[in-house]
Amino acid sequence: MTKLSTAAWIAHELGLAASFGGQLFGKVALNPNLGAISSEAERGKMLNAAWNRYNAVNAVSMGTAAATWFVGRAGISGESIDEEARGLVLTKDALFVASILTGLASMISGLRLSRLAPDGATPIQTGTQPSAQTPEEGASLLRTVNILGNVSLGLIGSIIAVSTILSMKAGESTRWSAVSRFLP
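Numbering (the working numbering), first residue to last: 1 to 184.
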């Protein structure tokens with residue numbers, strides 16, 4: 001069981017890292033620098049192509065992280081952990097659900113944005129700002145995607161933080177340490 005648990009933990013951590021890192025890169029490196037492309041339509045095309053391609057990686061990454069968490073966590077009963085650990089486990093559950101729902105809403109909004117023009121070439125100023133040529137629906141979708149993306153990044157960062165706290169707590173408690181061996 002230890003090897004399986006270790007593999008699940010590694011998959012869990014890599015899933016969170018890929019999701020957080022990819023979204024952070026998009027937010028701080030891709031989105032603000034699309035202005036280097038002279039054509040507003042080409043900016044939209046690049047934005048939509050990049051994010052829609054990464055959405056597949058993000059879905060697999062978060063799916064892996066969530067699946068390993070919920071499968072491992074299914075074996076935990078309320079009696080096997082103390083109140084603090086129980087609160088952290090429930091917090092992580094809620095963060096995962098919120099993150100997955102936010103991510104899905106963002107992906108759907110981004111897909112809708114990319115379908116407003118052929119080849120996803122909806123004109124934009126940057127990855128966060130519509131241009132004067134952006135259709136009203138496109139401007140609204142761009143704002144929605146950016147808000148949801150910020151929320152998603154915060155949620156994934158929070159999952160990573162709670163995971164770290166749970167790991168540290170495992171080192172402090174013999175009982176929690178035994179139970180946490182089955183969790184990613």
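Glycine included, C-beta positions come from ideal geometry on N, C-alpha and C.
* To do: Would you mind reading off the limits of the alpha helix (DSSP H) that contains GLU84?
  => Here residue 84 refers to the residue found at position 84 when the sequence shown is read from its first residue. DSSP places GLU84 inside the alpha helix (DSSP H), whose first and last residues are 83-114.
* Asked: Which residue comes first and which comes last in the alpha helix (DSSP H) that contains VAL28?
  -> Position 28 of the sequence shown, counting from 1, holds the residue named residue 28. Taken as a continuous stretch (DSSP letters only), VAL28 belongs to no alpha helix (DSSP H), as it is neither H nor E.
* To do: Output yes or no for whether 8 angstroms exceeds the beta carbon distance between ASN52 and GLY138.
  => In the sequence shown, counting from the first residue as 1, residue 52 sits at position 52. In the sequence shown, counting from the first residue as 1, residue 138 sits at position 138. Their beta carbons are not under 8 angstroms apart, which means ASN52 does not touch GLY138 by this criterion.
* To do: Measure the CB-CB distance between ALA121 and LYS45 and report whether it falls below 8 angstroms.
  => If you number the sequence shown from 1, residue 121 lands on position 121. If you number the sequence shown from 1, residue 45 lands on position 45. Taking 8 angstroms as the cut-off, the Cβ atoms of ALA121 and LYS45 count as close.
* Cβ of LEU16 within 8 angstroms of Cβ of ILE160? -> Stepping through the sequence shown from its first residue, residue 16 is reached at position 16. Stepping through the sequence shown from its first residue, residue 160 is reached at position 160. Their beta carbons are under 8 angstroms apart, which means LEU16 touches ILE160 by this criterion.
* **Straight-line Cα distance separating THR68 from MET107** => Position 107 of the sequence shown, counting from 1, holds the residue named residue 107. Position 68 of the sequence shown, counting from 1, holds the residue named residue 68. Those two C-alpha atoms are separated by around 22 angstroms.
* At which residues does the alpha helix (DSSP H) containing ALA49 begin and terminate? -> As a position in the sequence shown, residue 49 is number 49, starting the count at 1. First-last of the alpha helix (DSSP H) with ALA49: 40-73.
* Asked: Going by other Cβ atoms of all chains shown within 10 Å of its Cβ, with 16 needed for buried, is ILE10 buried or exposed?
  -> Your numbering for residue 10 matches position 10 in the sequence shown. Result: exposed.
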